[in-house]
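The structure appears below as structure tokens.
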Amino acid sequence: MKILVPVKRVIDYNVKPRVKADGTGVDLANVKMSMNPFDEIAVEEAIRIKEAGKAEEIIAVSVGPAKAQETLRTALAMGADRAILVETDEEVEPLAVAKILKAIADEEQPGLIVLGKQSISDDSNQTGQMLAALMGRPQGTFANTVEVDGDSVAVKREIDGGLETVKLSLPAIVTTDLRLNEPRYASLPNIMKAKKKPLDAKSPADYGVDIAPRLTTTNVAEPPVRQAGEKVEDVAALVEKIKALGIA
Amino acid sequence: MNTLVLVEHDNSSVNDATLAVVTAAGKLGEVHALVAGHNCGSVAESAAKIAGVAKVLKADDAAYGDFLAENVAPLAAGLMESYDAFLAPATTSGKNIAPRVAAHLDVMQISDILSVEGGKTFTRPIYAGNAIATVESSDPKLVITVRGTAFDKAATEGGSATIEDASGPGDAGLSSFVSREVADGGDRPELASAKIIVSGGRALKDSETFAQVINPLADKLGAAIGASRAAVDAGYVPNDYQVGQTGKIVAPDVYIAIGISGAIQHLAGMKDSKVIIAINKDEDAPIFQVADIGLVADLYNAVPELTGALG
Chain E
291 MKILVPVKRV IDYNVKPRVK ADGTGVDLAN VKMSMNPFDE IAVEEAIRIK
341 EAGKAEEIIA VSVGPAKAQE TLRTALAMGA DRAILVETDE EVEPLAVAKI
391 LKAIADEEQP GLIVLGKQSI SDDSNQTGQM LAALMGRPQG TFANTVEVDG
441 DSVAVKREID GGLETVKLSL PAIVTTDLRL NEPRYASLPN IMKAKKKPLD
491 AKSPADYGVD IAPRLTTTNV AEPPVRQAGE KVEDVAALVE KIKALGIA
Chain H
136 MNTLVLVEHD NSSVNDATLA VVTAAGKLGE VHALVAGHNC GSVAESAAKI
186 AGVAKVLKAD DAAYGDFLAE NVAPLAAGLM ESYDAFLAPA TTSGKNIAPR
236 VAAHLDVMQI SDILSVEGGK TFTRPIYAGN AIATVESSDP KLVITVRGTA
286 FDKAATEGGS ATIEDASGPG DAGLSSFVSR EVADGGDRPE LASAKIIVSG
336 GRALKDSETF AQVINPLADK LGAAIGASRA AVDAGYVPND YQVGQTGKIV
386 APDVYIAIGI SGAIQHLAGM KDSKVIIAIN KDEDAPIFQV ADIGLVADLY
436 NAVPELTGAL G
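Residue numbers (my numbering), protein chains in the order written: chain E, 291 to 538; chain H, 136 to 446.
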């Protein structure tokens, strides 16, 4: 079985995004970029499934600018076998990304597609579900535990009330939640080896996908700033404040 | 504009998150509600009473009983022939189903809306709420998920909608429900809709300490219990306690953050609370930048003292 792992290059988790003064977006110039943290979890999960002897090959895919190669090299250094970069400088919406991924899945015929539940940039939380719908395949979103067993996969999902387990027939799409695993760090020898692993360059047109956006962002603004209040001296003063709120 | 709202429920009652979606949909046009489930007649009756709902479509089928996206999405997409907009709550259930509906309709979904600015224009948070984008759709139909804390809840009484039966393709045969482990919170209010939340962070050390310090205060205030991602990752409490950008988004009347430093991902999940109270021994903790009332103190002394004093 092959596993397809889509990854996205996003602003680093530890960087606080700054909104551009002209309201056109978030300033990405000279900002540290990294692999979307949920996608790192997806790469790790794919590697663990392969290490358990349930998959033979892991293919990492990214749709994005030339620099997304770095993100793919990270996936290769972690343990993916080869990579495909679908290069474009345009911002590609989840629906178009899902269409490109479907085209790649049609070619590669993976048994499992594992991707992050959302990117920490646009926070859409759509691509996996859309890909599953376009492929007519089942989805295990917000995965906490993934167990491949023969021609099916059991996915324990993080839901609002707790946890839920669903059984999906393969091929299936899984989206990762935070507690699925702790991604490994790539070792230096593996980073060197990753430079020699195959990386195919493609374009959206190669897959016949129209990436014209359906949504227009007309403004990006800072959220309303919440002002700090006051600090109280001791618990007695806090109790007075809480009683004044009328909740105790 | 005709809108179809996905009712979230457990086959016996309507989840609160749906009520905010009805309010958002009402800003776009007439509101019809889709109750997909199994033996869900009582849910359809409750949905018909929600103020602002003009019609309820009831799709009662074993295939919809566990809300599997593979089965519910084709049903919703089929019904969308008669509607201009599909709206679902931005809960784990809504987020699971809505993008699948959008893909069936070849529509780009608008996730987690905060406001309705026009018939096709909405605001939504990006970058963990560090920026608010205004987006306009050019698609012929809209598929939207709604942030529950951003809209008032529609009244659960006052409506008198008609109930019609609806049907779809049924079981897609792709997936099956196995089990659900839902934490029994007893009499404690649900986190997403609680008026008061007491939340604990990594400083609580372990699950016993968390329970010893946080639970008595929550009990006294009749509050729900939340936690930071650090506390959940460390195993102090189950995953569904997590408040934050990747957990639950809450906006209670009072949010009490105990031993929570206030990482941006946590603030994204609670900064719309009406009053924020923070107790932390680090006076420079970022939580104090958003707190209305702050107390710099060792939580192991302060919280029991507070709990006792509120007697």
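In this text, a Cβ means the ideal position worked out from N, Cα and C, and glycines have one as well.
According to DSSP, residue i sits in a beta bridge with which residue or residues?
i: N137/H; result: E165/H
i: I293/E; result: I348/E and L402/E
i: L277/H; result: A220/H
i: N509/E; result: T269/H
i: G354/E; result: E377/E
i: H144/H; result: V149/H
i: S477/E; result: BP columns for S477/E are empty, so no partner.
i: K457/E; result: A444/E and S311/H
i: T258/H; result: S250/H and T269/H
i: G429/H; result: K521/E and A413/H
i: S334/H; result: G361/H and A392/H
i: E299/H; result: L192/H
i: Q429/E; result: I463/E
i: T435/E; result: K446/E
i: A383/H; result: Here residue 383/H is Lys; the residue named in the question, Ala, does not match the sequence. In DSSP, K383/H forms a bridge with V378/H.
i: I301/E; result: M323/E
So, is residue i buried or exposed, given that buried needs 16 or more other C-beta atoms within 10 angstroms?
i: N206/H; result: buried
i: V313/H; result: exposed
i: A478/E; result: Checking the sequence, you will find Leu at residue 478/E rather than Ala. Exposed: under 16 other Cβ atoms inside 10 Å.
i: V515/E; result: exposed
i: P250/E; result: Because residue 250/E is not part of the residues shown, which for chain E are 291 to 538, the question remains open.
i: Q517/E; result: exposed
i: K406/H; result: buried
i: Q380/H; result: buried
i: Y475/E; result: exposed
i: P275/H; result: exposed
i: T431/E; result: buried
i: P131/H; result: There is simply no residue 131/H to check, as chain H begins at 136 and stops at 446 in what is shown.
i: K383/H; result: buried
i: A534/E; result: exposed
i: P224/H; result: buried
Do you know how far the Cα of residue j is from the Cα of residue i?
i: S363/H; j: A423/E; result: 33 Å
i: I245/H; j: A432/H; result: 43 Å
i: V191/H; j: L352/H; result: 41 Å
i: M291/E; j: A426/H; result: 51 Å
i: S295/H; j: G446/H; result: 44 Å
i: G370/H; j: E299/H; result: 46 Å
i: A398/H; j: I422/H; result: 8 Å
i: I403/E; j: A332/E; result: 9 Å
i: G315/E; j: I501/E; result: 19 Å
i: D490/E; j: N480/E; result: 19 Å
i: K492/E; j: S352/E; result: 10 Å
i: I331/H; j: P461/E; result: 44 Å
i: D412/E; j: E440/H; result: 43 Å
i: E380/E; j: G406/E; result: 21 Å
i: V385/H; j: A392/H; result: 13 Å
i: P355/E; j: P260/H; result: 24 Å
i: G357/H; j: I349/H; result: 12 Å
i: D524/E; j: G369/E; result: 53 Å
i: I226/H; j: A155/H; result: Looking at the sequence provided, one finds Thr at residue 226/H rather than Ile. Cα-Cα distance, rounded: 12 Å.
i: N326/E; j: I410/E; result: 7 Å
i: A348/E; j: V300/E; result: It is Ile, not Ala, that sits at residue 348/E in the sequence shown. Those two C-alpha atoms are separated by around 21 Å.
Would you kindly check if the distance between the Cβ of residue j and the Cβ of residue i is under 8 Å?
i: T138/H; j: L222/H; result: yes
i: A373/E; j: A393/E; result: no
i: V443/E; j: L453/E; result: no
i: V270/H; j: T417/E; result: no
i: P494/E; j: Y262/H; result: no
i: V295/E; j: V305/E; result: no
i: M420/E; j: P234/H; result: yes
i: M136/H; j: G164/H; result: yes
i: A319/E; j: A266/H; result: no
i: D317/E; j: K310/E; result: yes
i: F286/H; j: T158/H; result: yes
i: Q429/E; j: F328/E; result: no
i: A527/E; j: R363/E; result: no
i: A194/H; j: A268/H; result: no
i: H401/H; j: V438/H; result: no
i: R282/H; j: D247/H; result: yes
i: R427/E; j: L203/H; result: no
Is residue i near the ligand ATP - that is, is its Cβ less than 7 Å away from at least one heavy atom of it?
i: S177/H; result: Among the ligands in the structure shown, none appear at all, so the ligand ATP cannot be discussed.
Is there a Cβ from chain C that is less than 8 Å from the Cβ of residue i?
i: H239/H; result: Protein chains in the displayed structure are E and H, and chain C is not among them.
**Item:** Three or more C-beta pairs below 8 Å linking the region 182-189 of chain H and the region 233-250 of chain H
**Value:** Touching, no.
**Message:** Assess contact between the region 139-157 of chain H and the region 167-174 of chain H, defined as three or more Cβ pairs (one per stretch) separated by less than 8 Å. Is contact present?
**Reply:** Touching, per the Cβ criterion.
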